[in-house]
Amino acid sequence: MSNNLLKGKRGIVFGALNDMSIAWKVAERAVEEGASIVLSNTALAVRMGTVKQLSEKLNCEVIPADATKVEDLENVFVKAQEILGGKIDFVLHSIGMSPNVRKKRTYDDLDYNMLSTTLDISAISFHKMLQSAKKLDAIAENGSVVALTYIASQRTLFGYNDMADAKAMLESIARSFGYIYGREKGVRINTISQSPTMTTAGAGIKGIDHLMDFSERMSPLGNATADECADYCIVMFSDLTRKVTMQNLFHDGGFSSMGMSLRAMDQYQKSFDQYTDENGKIIYG
Ligand SMILES: NC(=O)c1ccc[n+]([C@@H]2O[C@H](COP(=O)([O-])OP(=O)(O)OC[C@H]3O[C@@H](n4cnc5c(N)ncnc54)[C@H](O)[C@@H]3O)[C@@H](O)[C@H]2O)c1
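Per numbering that gives the first Met the number 0, the sequence shown runs over residues 0 to 284.
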């Protein structure tokens, strides 16, 4: 259903890889809400083919860019303005990757070159994006920029590894740049902290199935889906959130405010069964 929330707005969506990607859903919803958009992803992701399917479906162009390369990002902002015919009203940063996670290096055995790559792709790219846009004056007054993050930036969750450090930095960049861009151009910058979601990046998180089950049981509203995340992004791009900036906005069904739920405790109790003797006495720990 469309409410024309983005009617006449121009946007750039970074990070749609396949139809599970959160950015894919955001691109679809943005067009449904009346926006004109361009897509961007790495040259490799574009060559893999599925991004083209999305661009054909939405009748929009794809501009390849490695988000760690400033010249690539500048090219996206210059070309996107040419294609869309004016300054950009909204930008989605939906980019993340950790070579340490991919290579199964644990947090106490990180490869530091890989850590640099994790931080560059998953966090510093956000700064590069914002700095490129600002220097080119590519974002319209009162524009809106959103990056996607995860609660492991603030609380330790098993297995999230060096992506936790990257997300902490990403959220900090939103605040630091949000002050400057807001003061000078009225551009608002926020992060949305999404529930664990089964995407290509999500599947890389150690024990994602169990993590999703745990947060589903802990959250009064259950895990937020990628489609629901797209809805929230649309609201943040719209004029309905003109004064929201420098925030980390939880979109997680209430998970971030919970300590323990009955459903999670119930499941937790079951795990003790294997450690009880014939009298039901727990025989470990
Ligand atoms: N899936 C989850 O559980 C979850 C939860 C919270 C936040 N997030 C965040 O949402 C965002 C999107 O991830 P997703 O879950 O949709 O997975 P995804 O794998 O579909 O998207 C990740 C994207 O990053 C792109 N990317 C990687 N390196 C890049 C580079 N150098 N330059 C440009 N793009 C690059 C990939 O091509 C891909 O499109 C990420 O920031 C992720 O950390 C995901």
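Glycine is no exception: its CB is placed at the ideal position from the N, C-alpha and C atoms. Every value quoted in this text rests on a predicted model; they were computed, and no experiment measured them.
Asked: Inter-residue Cα distance where the pair is Pro63 and Val12; Found: 12 Å
Asked: The segment 250-270 / the segment 43-61 touching (three or more Cβ pairs under 8 Å); Found: no
Asked: Buried versus exposed call for Leu72 [16 or more other C-beta atoms within 10 Å across all chains shown]; Found: buried
Asked: Any C-beta of chain B under 8 Å from that of Leu261; Found: Here there is only one protein chain, and chain B is not present.
Asked: Pair within 8 Å by beta-carbon distance, Gly201 and Ile188; Found: no
Asked: Spatially closest choice to Lys56 from Leu83, Arg28 and Asn40, by CA coordinates; Found: Arg28
Asked: Lys6 versus Glu31: straight-line alpha-carbon distance, rounded; Found: 9 Å
Asked: Extent of the continuous beta strand (DSSP E) to which Gly142 belongs; Found: Ile138 to Thr148
Asked: Among Thr196, Leu16 and Thr190, nearest to Met235 - alpha-carbon criterion; Found: Thr190
Asked: Uninterrupted alpha helix (DSSP H) stretches inside the segment 28-102 (no shorter than 4 residues); Found: 42-46, 49-57, 69-83 and 98-101
Asked: Exposure of Pro195, with buried meaning 16 or more beta-carbon neighbours within 10 Å; Found: buried
Asked: For Tyr149 and Asn141, the rounded distance between their alpha carbons; Found: 26 Å
Asked: Best match in Thr224, Asn160 and Asn58 for proximity to Leu118 [C-alpha to C-alpha]; Found: Asn160
Asked: Cross-strand partners of Gly10 (DSSP beta bridge); Found: Ile36 and Phe89
Asked: Gln193: first and last residue of the uninterrupted beta strand (DSSP E) it sits in; Found: Arg187 to Gln193
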